[in-house]
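Undergrad: In this note's numbering, the protein residues as written are 8 to 766.
Note that the Cβ used here is the ideal one computed from N, Cα and C, for glycine as well.
Predicted model, so just to flag it, every value in this text is computed and none were measured.
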Amino acid sequence: DRQTLVAVLQFLRRSNLRESEEILRREARLLGDDLGAAALSPASAGLLGGSGSDADSSEALLGRGTSAGAVAIGGNVATVATSSPGVSAVASVPPGKGEARGDCGVCPSSRQEHRELGSPCAAPNLGGCLVSSPSTKITHSGDVIGSAVVVEDQPDVSAVLSAYNQQGDPTLYEEYYSGLKHFIECSLDCHRAELSQLFYPLFVHMYLELVYNQHESEAKSFFERFHGDQECYYQDDLRVLSSLTKKEHMKGNETMLDFRTSKFVLRISRDSYQLLKRHLQEKQNNQIWNIVQEHLYIDIFDGMPRSKQQIDAMVGSLAGEAKREANKAKVFFGLLKEPEFDVPLDDEDDEGENEEGKPKKKKPKKDNVGSKSKKQDPNAPPQNRIPLPELKDSDKLDKVMNMKEAARRVRLGPECLPSICFYTFLNAYQGLTAVDITDDSSMIVGGFADSTVRVWSVTPKKLRSVKTAADLSLIDKESDDVLERIMDEKTASELKILYGHSGPVYGTSFSPDRNYLLSCSEDGTVRLWSLQTFTCLVGYKGHNYPVWDTQFSPYGYYFVSGGHDRVARLWATDHYQPLRIFAGHLADVTCTRFHPNSNYIATGSADRTIRLWDVLNGNCVRIFTGHKGPIHSLAFSPNGRFLATGATDGRVLLWDIGHGLMVGELKGHTDTIYALRFSRDGEILASGSMDNTVRLWDAVKAFEDLETDDFTTATGHINLPENSQDLLLGTYMTKSTPVVHLHFTRRNLLLAAGAYSSQ
């Protein structure tokens with residue numbers, strides 16, 4: 008675009024910005040030699056004091072970044088033909104009006120301008136600078152006033168204007184929308200499914216635009232006419248939307264603020280996208296094109312369009328699908344190498360064998376368990392990637408016990424289903440809101456709506472507190488049974504009640520060594536309790552609103568919490584402040600889970616997405632979309648490769664963490680799934696729901712023969728089996744008890760828990 012270039016270079020010369028002019032020239036010569044030398048007329052070239060090829064090179068620099076194409080600005084369609092595939096459209100600016108000082112080195116904006124606007128140069132990653140200077144305005148008559156605006160071919164890079172301050176003709180909105188609807192419904196089947204994804208985000212943005220610009224009656228009529236066309240899983244969002252009828256309502260509404268600020272992501276094949284773009288430009292349908300440019304992120308892939316089933320499986324979250332880029336980072340999903348300690352194992356073995364009197368059978372099994380941990384998993388993170396607590400002697404002893412139990416573990420499978428032991432909380436009129444069971448299945452804790460935490464012993468061994476300081480001073484510290492002697496028999500009981508919270512307790516978690524207990528509450532705090540003294544040790548204050556879930560790391564020391572403030576926090580028991588804050592969800596973080604190797608944390612949210620966070624640097628490394636309701640349960644497979652998630656939509660979805668793909672969908676429950684757990688060897692997945700059932704699924708079959716080729720990974724063409732009933736191994740009804748927790752014992756007995764509801 009000659010005039011723009013002349014204007015920019017003249018301005019640089021006039022303002023004595025020789026250095027910038029040189030930088031521009033120098034860079035241009037490196038970048039643009041392949042362009043023909045005929046871009047500027049000799050007269051224009053004379054103005055610049057340089058050769059035509061120089062100027063042409065500069066032009067390449069100004070607009071490099073995207074492929075050429077027709078770009079609609081306001082009402083005009085400017086077709087840009089370029090000789091190089093790397094040149095984008097630059098809106099023409101009358102000489103003298105444009106103001107661009109080239110000290111950026113990459114774009115024709117000054118560093119000063121970047122600073123004033125608070126916008127760093129986005130050129131390196133977006134292919135063209137996006138400084139939108141305050142003097143730039145794009146009006147609907149199609150005039151461009153002020154400085155040069157780089158209009159990109161791809162919808163994800165548009166000059167960011169103030170959210171809804173566009174004054175289109177409010178009476179035409181219905182016409183625009185129904186025109187697009189007619190076009191999509193009449194397009195070929197293969198494109199229709201993909202383009203139908205546009206209906207919902209366009210409907211919301213057009214409605215909000217009408218409300219924001221105070222065309223209330225038009226907004227009402229628009230809503231009533233089209234809200235019935237939206238997918239059923241958006242009904243809850245539409246209910247919120249229908250209550251926003253005035254501009255003032257929009258200010259305080261968080262859901263809609265998110266919708267405005269985060270771009271709704273649609274994944275569409277290149278063919279479908281070109282079809283849409285051509286239609287909008289032929290019809291000069293600027294209102295819709297502007298929304299597509301500014302509020303949607305269209306993730307374009309090359310290849311076959313996806314089918315309706317493939318799209319339906321993946322959509323439904325508050326911000327559309329995840330960008331494919333979001334799931335590309337490497338994840339170390341393997342397990343850490345287990346520490347080896349032979350001496351206590353052998354000692355313990357001798358004792359065990361003497362008691363049992365079966366020495367020969369036991370030995371090989373024990374070696375087996377030991378040898379498993381000696382091979383380093385190729386997908387495991389480095390052992391010291393995050394600092395983990397040292398193993399204490401008691402932990403080693405516990406690991407030995409665990410191995411002995413594992414030797415007697417039942418191998419589960421379709422032919423050998425686990426027995427299920429159900430703990431029903433009777434007369435729980437306080438309202439049971441959370442349950443956890445220790446790893447060795449010796450204690451169970453309940454969190455209640457009356458703000459109490461109640462701990463029960465489920466073995467004959469009663470719960471005892473440590474003696475008082477005065478009594479402890481009398482004990483012989485050298486005696487062998489000192490750990491027994493410090494316990495006060497007078498305090499022995501089956502149940503301990505812990506008081507401290509000032510609101511319902513929504514989450515509880517035992518530490519792996521069974522010395523501590525975490526609880527989180529509506530009062531915004533997480534409390535750490537000692538199970539030696541049954542008193543509160545610390546109250547962690549970081550969340551300002553209710554905390555919905557908390558969980559200890561499988562190695563202890565670290566724990567995670569998630570709440571209504573939309574963030575998850577990583578804590579260490581000896582720090583008052585959180586070590587990491589994981590921000591990114593658009594609604595409450597409803598559940599949290601540590602990966603078995605403790606390097607990652609999964610969070611489920613009311614925004615209907617699941618995110619996987621890296622503990623080391625706080626980055627979000629996976630975003631999984633596909634649930635149609637808030638997520639309420641998460642479970643990692645014991646080998647760390649897979650994640651199972653359950654939500655209010657009654658579906659269990661299975662995810663391959665390494666490839667970042669959905670690999671299964673288990674349908675059967677009719678209500679919210681609050682509990683998910685894999686058996687100790689990962690052969691069976693158990694799910695518990697508000698529909699009063701526990702269901703067992705064949706996890707081995709669900710994860711075998713996965714198609715995770717490069718194409719599937721790149722485009723998200725997932726092929727889920729039509730029917731998940733052949734994976735369902737059994738359904739077990741309770742009389743009238745919703746299932747809120749599941750736990751496999753070390754020998755693969757399934758424990759379930761819930762409170763009896765009389766209605």
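(1) Return helix, strand or coil for Ile691, following the three-state DSSP convention.
(2) Tell me the DSSP secondary structure of Ile482 in three-state form.
(3) Please give the ranges of any beta strand (DSSP E) in the region 288-335, keeping only runs that are unbroken, at least 3 residues long and fully inside the region.
(4) Among Gly186, Gln237 and Ala200, which residue has its Cα nearest to the Cα of Asn293?
(5) Beta-carbon within less than 8 Å of Thr260's beta-carbon, same chain only, minus the 5 sequence neighbours each way: which residues are those?
(6) Apart from the five residues just before and just after Ala336, which ones in its own chain have a Cβ nearer than 6 Å to its Cβ?
(7) State the DSSP-derived secondary structure class of Ser90, mapped to helix, strand or coil.
(8) Taking the DSSP output, what are the residues bridged to Asp621?
(9) If distances are taken between C-alpha atoms only, which option among Ser696, Arg199, Gln558 and Ile588 comes closest to Glu598?
(10) Under 7 Å between the Cβ atoms of Ala682 and Tyr430?
(11) Counting only the same chain and skipping the five closest in sequence on each side, list residues whose C-beta sits under 6 Å from that of Thr515.
(12) Quick check: the Cα distance between Lys776 and Gln204, rounded to an integer number of angstroms?
(13) Check whether the region 664-676 and the region 390-397 are in contact - that is, three or more C-beta pairs closer than 8 Å.
(14) Since Tyr547 and Pro396 should fall inside the 8 Å C-beta cutoff, what is the C-beta to C-beta distance between them, to a whole number of angstroms?
(15) Check whether the region 225-236 and the region 266-278 are in contact - that is, three or more C-beta pairs closer than 8 Å.
(16) Can you tell me whether Arg418 is buried or exposed? The criterion is at least 16 other CB atoms within 10 Å of its CB, across all chains shown.
(17) Would you mind reading off the limits of the beta strand (DSSP E) that contains Val407?
(18) Between Phe210 and chain D, is any beta-carbon pair separated by less than 7 Å?
(19) Could you tell me how far apart the beta carbons of Trp555 and Phe589 are, in whole angstroms, since I believe they sit closer than 8 Å?
(20) Quick check on Arg534: does DSSP put it in helix, strand or coil?
(21) Whole angstroms is fine: what's the gap from Val747's alpha carbon to Lys708's?
(22) Of the choices Tyr562, Ala613, Asp495 and Asp572, whose alpha-carbon is the least far from that of Ala553?
(23) Taking 6 Å as the limit between beta carbons, can you name the residues of its chain near Arg576, skipping five residues before and five after?
(24) Relative to the alpha-carbon of Thr655, which residue among Thr679, Glu672 and Gly633 has its alpha-carbon at the smallest distance?
(25) Mapping DSSP to helix, strand and coil, what is Arg521?
(26) Using 8 Å as the cut-off, can you tell me whether the region 643-661 makes contact with the region 421-437, which would need three or more C-beta pairs spanning the two stretches below that distance?
(27) Could you give the C-beta distance for Glu225 and Pro177, rounded to a whole number, given that I count them as a contact under 8 Å?
(28) CB-CB under 6 Å to Ala613, same chain, minus the five flanking residues each way: which ones, in chain order?
(29) According to DSSP, is Gln798 helix, strand or coil?
(30) Which partner residues does Tyr565 have in the DSSP bridge list?
(31) How many Å lie between Pro346 and Arg687 at the Cα?
(32) Give me the Cβ distance between Leu734 and Leu673, rounded to the nearest whole Å; I'm assuming they're in contact under 8 Å.
(33) Closest to Asp447 by C-alpha separation, out of Ala476, Gly438 and Glu412, would be which residue?
(34) Who pairs with Cys527 in a beta bridge, going by DSSP?
(35) Provide the residue(s) that pair with Gly591 in DSSP beta bridges, ordered along the chain.
TA: In short, the structure shows the following:
(1) Residue state, collapsed to three classes: strand.
(2) Coil.
(3) As far as the region 288-335 is concerned, its whole beta strand (DSSP E) runs of at least 3 residues are 303-308.
(4) Its Cα nearest to that of Asn293, the residue Gly186 stands out among Gly186, Gln237 and Ala200.
(5) A quick correction: the sequence has Asn, not Thr, at residue 260. Around Asn260, the same chain offers Val247 and Leu251 as residues with beta carbons nearer than 8 Å, after the five sequence neighbours per side are excluded.
(6) Non-local C-beta neighbours of Ala336 in its own chain, meaning closer than 6 Å and more than five positions away in sequence, comprise Val628, ordered along the chain.
(7) At Ser90, the pLDDT of 36 sits below 50, so the modelled position is not reliable; the number obtained from the coordinates is stated separately. Three-state result, Ser90: coil.
(8) Tyr607.
(9) The sequence shown places Cys at residue 598, not Glu. It is Gln558.
(10) No Cβ-Cβ contact shorter than 7 Å links Ala682 with Tyr430.
(11) Within the same chain, Ala441, Asp443, Val452, Gly454 and Ser526 come within 6 Å of Thr515 by CB-CB distance, once the 5 residues on both sides are set aside.
(12) Here the chain has residues from 8 to 766 only, and residue 776 is not among them.
(13) In this structure the region 664-676 does not touch the region 390-397; the number of beta carbon pairs closer than 8 Å is below three.
(14) Contact flag wrong, Cβ pair sits at about 18 Å.
(15) They do not touch, by the three-pair rule.
(16) Flag for Arg418 reads exposed.
(17) That residue, Val407, is in no beta strand (DSSP E); its alpha helix (DSSP H) goes Asp400 to Ala414.
(18) No chain D is part of this structure, which consists of one protein chain only.
(19) Contact check for Trp555 and Phe589: beta-carbon distance about 14 Å, past the 8 Å limit, so the pair fails to qualify.
(20) Three-state DSSP puts Arg534 in a strand.
(21) Answer to the nearest angstrom: the Cα atoms are 26 Å apart.
(22) Sequence inspection shows Pro at residue 553; the Ala mentioned does not correspond to that position. Nearest of Tyr562, Ala613, Asp495 and Asp572 to Pro553, Cα basis: Asp572.
(23) The beta carbon of Arg576 sits closer than 6 Å to those of Gly549, Ser568, Pro585 and Ile588, all from its chain and outside the five residues before and after it, given in chain order.
(24) Taking the Cα of Thr655 as reference, the smallest distance to any Cα among Thr679, Glu672 and Gly633 is reached at Thr679.
(25) Three-state DSSP puts Arg521 in coil, outside helix and strand.
(26) Verdict: no, contact absent.
(27) Rounded to the nearest angstrom, the Cβ distance from Glu225 to Pro177 is 4 Å, consistent with a contact under 8 Å.
(28) So the list reads Ala594, Asp595, Thr597 and Pro637, once near-sequence residues are dropped.
(29) Since the displayed the chain opens at 8 and closes at 766, residue 798 lies outside it and no answer follows.
(30) Note: Tyr565 sits in a beta bridge opposite Ala579.
(31) Between Pro346 and Arg687, the C-alpha separation is close to 19 Å.
(32) At roughly 6 Å, the Cβ-Cβ gap stays under 8 Å, so Leu734 and Leu673 are in contact.
(33) Closest by alpha carbon: Glu412.
(34) Per DSSP, Gly514 and Val533.
(35) In the DSSP secondary-structure assignment, Gly591 is not bridged to any residue.
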